[in-house]
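Structure first, commentary second.
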Amino acid sequence: MKIFTDSGSDLPKSYFDKEDVHLFPLRVLMKGVEYDDVIGISNDQVYAAIAEGEILKTSQVSLEIFLNAFEQLAKSGEEGIYIAFSSNLSGTCQSAFLAKNQLLETYPDLKLAIIDTKCASYGQGLVVKEAVRLNKFGVTFDDAVAQLTDMADSMEHLFTVGDLNHLANGGRISKTSAFMGGLLNIKPILNIDDGRLVPLEKTRGFKKAIQRMIALMKERGGDFTNKTVGLSHSNDEELMHEVKVAIEEALHPKSIETTTIGSAIGAHVGRGTIAIFFTNK
């Protein structure tokens with residue numbers, strides 16, 4: 110079984126190489142040049158540009174790239190699962206469906222499941238890692254699709270941002286709200302609802318935001334002793350470590366896995382963002 114995902118999953122390049130997961134890179138436009146996320150540009154380059162005040166733009170994976178990859182799958186006769194970035198945050202998933210439907214006319218036996226995870230960043234990444242695990246255990250195609258769909262449906266996303274201006278630039282909040290929030294040290298708590306970015310609450314200061322996010326984790330996730338928590342950060346290892354320790358002390362999860370927020374998402378949330386992912390009750 111072949112596993113596909115895109116760079117919205119925020120998994121490092123080393124993971125794709127090691128686990129033979131096929132990566133579809135989203136595109137990042139920086140200083141007039143377009144790059145393939147993960148492959149053609151590093152997180153360090155992206156965050157250095159953001160620090161200099163550069164406004165980055167991103168674009169979805171092209172239909173042609175999906176057609177090429179899925180045609181190879183069809184010719185191989187292998188089964189495939191594409192674990193996709195939320196369709197409500199990118200047009201990438203829709204392009205994948207178009208490619209699949211187009212190929213089914215020529216290859217009616219193509220066995221490809223496209224899972225619109227309605228997830229982002231390491232929420233999506235955790236679903237990819239579960240797909241790899243199930244594949245290693247020889248779980249059947251239909252069972253794997255069912256289990257991965259259930260996992261994606263139960264994935265919670267909680268995050269707070271360091272710079273409200275990035276949310277304003279992306280149209281998530283107004284410029285006035287960003288300005289006032291910056292003056293008052295407001296840290297919004299956001300989550301993903303049906304694959305969309307939705308503001309949840311406002312807190313004053315980073316520490317209060319993290320305390321509230323941990324309280325929300327407890328409400329939504331229940332007992333964490335047998336759960337893996339995903340934690341992603343936008344180029345701030347120190348901040349991430351602080352949050353990791355706070356979660357460990359409060360909830361004692363089975364494990365906490367960390368990653369850096371990649372270029373495609375980092376371009377929109379900016380520096381100083383912390384995001385937490387876990388399955389709900």
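In the numbering used here, the protein residues as written are 110 to 390. Even glycine gets a Cβ: it sits at the ideal position worked out from N, Cα and C.
Check	Outcome
First and last residue of the uninterrupted beta strand (DSSP E) at PHE387	383-388
Beta-carbon proximity check, ASP119 vs ILE374, cutoff 8 Å	yes
Nearest residue (CA-CA) to TYR191, options ILE365, ASN389, ASP115	ASP115
CB contact flag (ILE365, LEU340, <8 Å)	yes
Collapsed DSSP secondary structure at HIS131 in the structure displayed	strand
Contacts around GLY200, its chain only, beta-carbon distance under 8 Å, and the 5 residues preceding and following it disregarded	GLN169
Those residues which DSSP pairs with ASP145 across a bridge	ARG136
Cut-off 7 Å between Cβ atoms - residues of its own chain near MET349, not counting five sequence neighbours on either side	LEU340, HIS342, THR367, ILE383
Validate contact between the stretch 239-248 and the stretch 208-223 using beta carbons, cut 8 Å, 3 pairs	no
Endpoints, beta strand (DSSP E) assigned at ALA222	221-225
Spatially closest choice to ALA355 from ALA324, GLY162, ASN177, by CA coordinates	ALA324
Backbone secondary structure at TYR191 - three-state DSSP	strand
Candidates PHE113, GLY141, CYS228, PRO362: closest to THR167 by CA position	GLY141
Within the stretch 304-341, ranges of the alpha helix (DSSP H) (whole runs, at least 4 residues)	315-330
For THR369, the residue or residues it bridges with in DSSP	HIS342
Span of the alpha helix (DSSP H) around LYS238	230-245
Residues near LYS336 in its chain [Cβ-Cβ closer than 8 Å; skip 5 each side]	GLY330, PRO362, LYS363, PHE387, THR388
Interface flag, LEU219 vs chain C, CB-CB below 8 Å	Among the chains in the structure shown there is no chain C, since it carries only a single protein chain.
N- and C-terminal bounds of the beta strand (DSSP E) containing LYS209	Careful: LYS209 lies outside any beta strand (DSSP E), inside the alpha helix (DSSP H) at 201-213.
Closest residue to GLU265 among ILE295, ASP252, LYS238, SER230 (Cα-Cα distance)	SER230
THR226 and VAL236 closer than 8 Å at C-beta	yes
Chain-order list of residues whose beta-carbon lies under 8 Å from that of ARG380 (same chain, five-residue window excluded)	TYR156, ILE159, ALA160, GLY271, ASP272, SER343, ASN344, ASP345
For ASN197, three-class secondary structure by DSSP	coil
First through last residue of the alpha helix (DSSP H) which encompasses ASP251	250-262
Local conformation of ILE159 per DSSP, three classes	helix
Check whether MET110 and ALA253 have beta carbons under 8 Å apart	yes
Exposure label - ASP251; buried when at least 16 CB within 10 Å	exposed
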